[in-house]
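Please read the structure below before turning to the comments.
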Amino acid sequence: MAKQKPIMNVVFVGHVDAGKSTTIGRLMYDTGKLPEQELQKLKAEAQKHGKAGFEFAYVMDKFKEERERGVTIDLSYQKILTQKFEVTIIDAPGHKDFVKNMITGASQADCAFLVVAAKSGVEPQTKEHLWLLKTMGVGQLHVIINKMDDVGYKEERFNEVKADVTNELKAVGYKAEDVNFLAVSSINGDNVAKKSDKMAWYKGPTVVEDFDNFKEPEKPTTLPLRMPIQDVYEITGIGTVPVGKIETGIMKVGQKIIVLPGRSGKGVLGEVRTVEAHHEQLPQGEAGDNVGVNLRGIGKKDVARGDVICDAAKPASIAEEFVAKIAVINHPTVIAKGYTPVFHVHTAQVPCQFVELIEKYDPKTGEVAQKNPDFIKNGDVAKVRIKPIGNLVLEKQGDNPHMARFAIRDAGATVAAGVCIELTAKKI
Ligand code: GDP
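See below:
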């Protein structure tokens with residue numbers, strides 16, 4: 010068997026209507042993943058719903074629907090083979106709860122494309138998504154300036170938007186010199202998979218070519234096994250199959266594991282019976298792999314989304330309390346002691362209470378601006394003490410950065426994002 014190419018998980022983010030779905034749909038079509046007759050069907054569907062021109066955007070919805078019908082158990086979203094990588098597009102940026110999708114998606118992403126519409130330029134969600142990506146630890150980012158057809162394919166406008174986005178990148182801490190800017194019109198297929206003949210001034214890569222400009226993600230295989238469960242399936246002939254991405258470590262057939270917190274809150278012990286990816290049984294899975302696993306000693310009632318499969322010899326902790334650095338992104342008023350929103354950590358969602366606002370930083374210098382502030386608000390970065398209401402598997406950044414990041418959501422919006430830096434474990 011030919012050696013498998015390394016997997017690159019890519020997420021597409023950006024303001025609503027910037028053209029994320031259209032770009033992904035176009036990618037699928039131009040790389041032959043979407044047959045002509047399927048596109049015609051989607052076109053008819055789009056017209057029927059009064060959304061002519063949305064057929065490419067419908068592609069992602071269609072994949073999502075298939076996934077929801079449970080046709081396959083692997084988390085193979087959609088794959089594109091490039092020279093270097095097996096690219097997995099991990100997000101289905103549905104039109105509804107995009108930020109939420111982004112959080113669950115971004116926590117798995119190795120790299121991201123930020124999509125900005127050429128005419129609109131930087132928009133509120135452009136900034137919000139940049140903050141989220143940075144906080145969620147997505148280190149590699151490139152920018153697609155889309156809808157170039159709307160601005161007559163002009164280099165001048167491209168450069169203006171590029172300069173504006175560059176300022177935003179610097180503000181959140183991305184190194185602008187590492188960021189490629191692509192001139193694209195997704196709807197027409199310019200510079201998606203095919204080189205455009207309308208922008209002679211543009212010397213950069215197409216989207217497909219640019220996938221290979223990302224660095225191969227380093228696999229955190231030396232950290233202990235952590236696999237947050239995304240879903241639990243019941244498969245005839247196999248039994249209970251939790252699926253998810255192995256965040257860190259290696260999972261071997263025969264290995265002793267513990268699922269935390271599990272239904273009991275005290276962990277459930279088991280042993281790895283099978284590891285499967287893309288309908289193939291493997292002797293082991295490792296960090297970065299999306300797998301389905303069958304565990305001896307663990308049934309459907311024992312585990313759920315949000316639990317984490319850990320190496321039994323080196324389990325993660327359930328947090329009694331933790332200290333985090335957070336960035337407040339989008340709160341309607343102010344955050345004070347006692348506030349209890351929902352924390353989204355890996356695949357878990359747990360309400361947590363702010364018990365202390367320790368200090369607030371000057372976002373420009375990173376220096377302490379105020380000790381024990383009464384409240385924090387949008388734009389603030391602060392150190393806070395948090396108490397989970399319920400069982401939350403979490404680790405501090407120094408131990409395992411992949412298990413330390415979270416987003417804070419309230420009333421359908423992303424209020425803040427952060428990372429755990431100190432932790433007191435619950436005794437179980
Ligand atoms: P998303 O919300 O970022 O996923 O955006 P969509 O992909 O759903 O696109 C939003 C709208 O922009 C739709 O009407 C698309 O047809 C349109 N659109 C997407 N890409 C382009 C483009 O390259 N040029 C133009 N003119 N319109 C586009």
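Using my numbering, the letters of the sequence shown map in sequence onto residues 10 to 437. Virtual Cβ for every residue (Gly too), placed ideally from N, Cα, C. From a predicted model like this one, the values you see are computed outputs, not experimental measurements.
Residue range of the alpha helix (DSSP H) that Tyr38 falls in? Counted from its first residue, the sequence shown places residue 38 at position 29. Here the alpha helix (DSSP H) through Tyr38 covers Lys29 to Asp39.
Does the Cβ of Val124 lie closer than 7 angstroms to at least one heavy atom of the ligand GDP? Counting from one through the sequence shown, the residue named residue 124 turns up at place 115. Flag set: Cβ of Val124 near the ligand GDP.
How would you write the range of the beta strand (DSSP E) that Ala61 sits in, first residue to last? Numbered from 1 along the sequence shown, position 52 holds the residue referred to as residue 61. Segment: none, Ala61 is in no beta strand (DSSP E) and carries neither H nor E.
Specify the secondary structure class of Phe220 as computed by DSSP and reduced to three states. Position 211 of the sequence shown, counting from 1, holds the residue named residue 220. Helix at Phe220.
Distance between Val351 and Phe65 (C-alpha atoms, nearest Å): In the sequence shown, the residue the question calls residue 65 occupies position 56. In the sequence shown, the residue the question calls residue 351 occupies position 342. Answer to the nearest angstrom: the Cα atoms are 34 angstroms apart.
Cβ pair Ala422, Ile327 closer than 8 angstroms: By 1-based counting over the sequence shown, the position of residue 422 is 413. By 1-based counting over the sequence shown, the position of residue 327 is 318. No, the pair does not count as a contact, with Cβ atoms beyond the cut-off.
Identify every residue that forms a DSSP beta bridge with Asn303. Here residue 303 refers to the residue found at position 294 of the sequence shown. Thr283, per the DSSP bridge assignment.
List the endpoints of the continuous beta strand (DSSP E) containing Lys171. Against the sequence shown, residue 171 aligns to sequence position 162. Secondary structure note for Lys171: it is in no beta strand (DSSP E), and the uninterrupted alpha helix (DSSP H) holding it is Glu164 to Val181.
When the distance is taken between beta carbons, is Leu304 closer than 8 angstroms to Arg272? In the sequence shown, counting from the first residue as 1, residue 272 sits at position 263. In the sequence shown, counting from the first residue as 1, residue 304 sits at position 295. For Arg272 and Leu304, no; Cβs fall outside 8 angstroms.
Under 8 angstroms, do Asp320 and Val268 count as touching if we go by C-beta distance? Looking up residue 320 in the sequence shown gives position 311. Looking up residue 268 in the sequence shown gives position 259. Remark: C-beta atoms of Asp320 and Val268 do not approach each other more closely than 8 angstroms.
DSSP-derived helix/strand/coil call for Met260: The residue labelled residue 260 in the question sits at position 251 within the sequence shown. Strand, per DSSP.
Pull up the distance between the alpha-carbon of Glu225 and that of Leu191, whole angstroms please. In the sequence shown, residue 225 corresponds to position 216, counting from 1. In the sequence shown, residue 191 corresponds to position 182, counting from 1. Distance between the alpha carbons of Glu225 and Leu191: 20 angstroms.
Identify, in the order they occur along the chain, each residue of the same chain with its Cβ nearer than 6 angstroms to the Cβ of Thr91, setting aside the five sequence neighbours on each side. Position 82 of the sequence shown holds residue 91. The answer, listed in chain order, is Phe220 and Asp221.
Beta-carbon proximity of Ala202 to Asn155, cut-off 8 angstroms: As a working note, residue 202 is residue 193 in the sequence shown. As a working note, residue 155 is residue 146 in the sequence shown. Taking the C-beta atoms as reference points, Asn155 is found no nearer than 8 angstroms to Ala202.
Any contact of the segment 360–371 with the segment 386–400, i.e. 3+ C-beta pairs under 8 angstroms? Touching, yes.
Buried versus exposed call for Asn18 [16 or more other C-beta atoms within 10 Å across all chains shown]: Sequence index remark: in the sequence shown, residue 18 carries index 9 (1-based). Buried, since its Cβ has 16 or more Cβ neighbours within 10 Å.
In angstroms, rounded to a whole number, what distance separates the CA positions of Lys323 and Pro233? Locating residue 323 in the sequence shown gives position 314, where the first residue counts as 1. Locating residue 233 in the sequence shown gives position 224, where the first residue counts as 1. Each residue's Cα considered, the two are about 6 angstroms apart.
First through last residue of the beta strand (DSSP E) which encompasses Ser326: The residue labelled residue 326 in the question sits at position 317 within the sequence shown. Element bounds for Ser326: Ser326 to Val337.
Sorry if obvious, but does the Cβ on Lys156 come closer than 7 angstroms to a heavy atom of the ligand GDP? By 1-based counting over the sequence shown, the position of residue 156 is 147. Yes - the ligand GDP has a heavy atom lying nearer than 7 angstroms to the Cβ of Lys156.
Residue burial classification, Pro102 (beta-carbon count within 10 angstroms, cutoff 16): Stepping through the sequence shown from its first residue, residue 102 is reached at position 93. At Pro102, the pLDDT of 43 sits below 50, so the modelled position is not reliable; the number obtained from the coordinates is stated separately. Residue burial is scored here from C-beta neighbours: Pro102 has at least 16 other C-beta atoms within 10 angstroms and is therefore classed as buried.
Please check the pair Ile238 and Ile318, which I expect to be a contact at CB under 8 angstroms, by giving their CB distance rounded to whole angstroms. As a position in the sequence shown, residue 238 is number 229, starting the count at 1. As a position in the sequence shown, residue 318 is number 309, starting the count at 1. Between the beta-carbon of Ile238 and that of Ile318 there is about 7 angstroms, and that keeps the pair under the 8 angstroms contact cut.
Going by the CB atoms, is the gap between Val390 and Lys334 shorter than 8 angstroms? Position 325 of the sequence shown, counted from the first residue, corresponds to residue 334. Position 381 of the sequence shown, counted from the first residue, corresponds to residue 390. The Cβ atoms of Lys334 and Val390 lie closer than 8 angstroms to each other.
Buried or exposed by the 16-neighbour rule on C-beta atoms within 10 Å, applied to Gln134: The residue labelled residue 134 in the question sits at position 125 within the sequence shown. Under this definition Gln134 is a buried residue.
Just to confirm, are Glu280 and Ile266 a CB contact at a threshold of 8 angstroms? Position 271 of the sequence shown, counting from 1, holds the residue named residue 280. Position 257 of the sequence shown, counting from 1, holds the residue named residue 266. Yes, Cβ-Cβ distance for Glu280 and Ile266 is below 8 angstroms.
Round the Cβ separation of Trp140 and Ile344 to the nearest angstrom and send it over; I've been treating them as touching at under 8 angstroms. Start at 1 with the first residue of the sequence shown, and residue 140 comes out as number 131. Start at 1 with the first residue of the sequence shown, and residue 344 comes out as number 335. Not a contact, Cβ separation roughly 16 angstroms.
In or out: His24 buried (at least 16 other Cβ within 10 Å) or exposed? As a position in the sequence shown, residue 24 is number 15, starting the count at 1. Residue burial is scored here from C-beta neighbours: His24 has at least 16 other C-beta atoms within 10 angstroms and is therefore classed as buried.
Give a yes or no on whether the C-beta atoms belonging to Thr356 and Arg314 are separated by under 8 angstroms. Along the sequence shown, one-based indexing puts residue 356 at 347. Along the sequence shown, one-based indexing puts residue 314 at 305. For Thr356 and Arg314, yes; Cβs fall inside 8 angstroms.
DSSP three-state call for Val68: helix, strand or coil? Residue numbering aside, residue 68 sits at position 59 when the sequence shown is read from its first letter. It is helical.
In the DSSP output, which residue or residues are listed as bridge partners for Leu366? Start at 1 with the first residue of the sequence shown, and residue 366 comes out as number 357. Looking at the DSSP assignment, Leu366 forms a beta bridge with Val393.
Starting from Glu243, follow the beta strand (DSSP E) in both directions and report where the run begins and ends. Taking the first residue of the sequence shown as position 1, residue 243 is located at position 234. Counting along the chain, the beta strand (DSSP E) containing Glu243 begins and ends at Asp240 to Ile244.
Does the beta carbon of Phe470 fall short of 7 angstroms from some heavy atom of the ligand GDP? Residue 470 is absent from the model: the chain starts at 10 and stops at 437.
Which residues does DSSP pair with Gln46 in a beta bridge? The residue given as residue 46 occupies position 37 in the sequence shown. Answer is none; Gln46 lacks a bridge partner.
Within its chain, find whatever has a CB closer than 6 angstroms to the CB of Glu256; leave out the 5 residues flanking it on each side and keep chain order. The residue labelled residue 256 in the question sits at position 247 within the sequence shown. Within the same chain, and ignoring the five residues on either side of Glu256 in sequence, the residues whose Cβ sits closer than 6 angstroms to its Cβ are Arg235 and His411.
Going by alpha carbons, who is nearest to Ala121 out of Glu132, Leu142 and Lys128? As a position in the sequence shown, residue 121 is number 112, starting the count at 1. Closest option to Ala121, judged by alpha-carbon separation, among Glu132, Leu142 and Lys128: Leu142.
Would you decide whether Pro251 is buried or exposed? Buried here means 16 or more other CB atoms lie within 10 Å of its CB. Against the sequence shown, residue 251 aligns to sequence position 242. In this structure Pro251 is buried. Its beta-carbon is surrounded by 16 or more other beta-carbon atoms within 10 angstroms.
Could you have a look at Leu232 and say whether DSSP puts it in helix, strand or coil? On the sequence shown, position 223 is the one that residue 232 refers to. Coil at Leu232, not helix or strand.
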